[in-house]
Each structure stands twice: as structure tokens, then as C-alpha cells.
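Numbering (our numbering), first residue to last: -7 to 165.
Structure representation (C-alpha cells):
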């Protein structure tokens, strides 16, 4: 009888603890998933292309059309105007100038994410970026890494993409 009572006591004690741990883990996973969705959307838009629409804008259309194009792609994912403008001025459509000029297409093959040990929402990411000369059957893959800092609303406060050396090397390929 005492043994059975002891088992019931242990079950009663550990059940709420287990539910608490599982609940916290699910909440943390959901937050991470939302953060990764924001980062991935921005990276996919920035590093896949250039699209025909963007090519036309870079060649002939005015600056106002390009600004509107970038707003539609990126603005909703950023915490405020400052973080959005920092991104589009550093990256945005400018990432596609060299590929367009040198007739390359870029496509993300894979992205790996790792949340840092920081108390803040900071993620490191590594991208396998495929690039291919237009008209060619052959393609190559370059690794690109970066970091994104997000707020509690899953909006990007800062993003850095280490792609500068790769883009400048495209004219040699």
C-alpha cells in the first residue's frame, strides 16, 4: 500500500513539472520559428534572382519604382524605419547589381540557423548560395554567413550578410 501511495505521489509531483518544461520548450520553439521565418523571408528575397522585374528596374525604371519594390519585399520584416533603411542601403537590391551586370543568377540552396547564447534574439546563419552564369548548364555554390538581431515581435533590428567579397569576385568568373 505504501509503495502504491509513493508511486502516486511521484506521479502527482512530476506531472506538473513535466508539463511546465514541455510548455516552455514549445513556446521557445514557436518564438524561434517565427524569428527564422522573418530572417528567411528577407534572405530569400535578397539573394534569389535577379528577377526579370528587378532587372528592368535596374536598367530603365526610376528610383521611385525601386524604392517601392524594396518596400514591398522587406519593410514588414524590420523593426523600424532605421533598421529597414540600413538593410536596403547596405544590401536590398544592391545585392543584385553585380549578378545582373555579370549575367549571373543566384539561388539559395540551404540556410542553417543557430541561435546564439545571448539573452537577446540573435541568430547566426550560413547560406549555401548557388550561382550560375546565364545560359550555362554549370553552377557553383558559395558559402555566405551572417547575423540577424530580432526584437520580441520577430522583427529584424539589424542584419549583416558577409557577401561582399563573393559579389566583387563575380566579374572574374
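Cβ coordinates follow ideal geometry from the N, Cα and C atoms, glycine included.
- If you draw a straight line from the Cα of residue 75 to the Cα of residue 158, it comes to about 24 Å.
- In summary, residue 84 is buried, with 16 or more beta-carbon neighbours lying within 10 Å of its beta-carbon over all protein chains present.
- In the assembly as shown, residue 39 is a buried residue. Its beta-carbon has 16 or more other beta-carbons within 10 Å.
- When Cβ pairs closer than 8 Å are counted between the two stretches, the stretch 89 to 99 is seen not to touch the stretch 60 to 80, the count staying below three.
- Distance from the CA atom of residue 72 to the CA atom of residue 141, rounded to whole angstroms, is 13 Å.
- For residue 162, same chain residues with a beta-carbon under 7 Å away, outside a window of 5 residues either side, are 90, 91, 94, 96 in chain order.
- With contacts defined by Cβ atoms closer than 8 Å, residue 37 and residue 115 do not form a contacting pair.
- Within the stretch 120 to 164, the runs of beta strand (DSSP E) that reach at least 3 residues and sit entirely inside it are, in chain order, 132 to 142, 148 to 153.
- Each residue's CA atom was taken as its position, placing residue 48 and residue 41 some 13 Å apart.
- Between residue 148 and residue 34, the beta carbon gap of about 7 Å places them in contact (Cβ cut-off 8 Å).
- Secondary structure at residue 101: strand, using DSSP grouped into helix, strand and coil.
- Here residue 102 is exposed, its C-beta having fewer than 16 other C-beta atoms within 10 Å.
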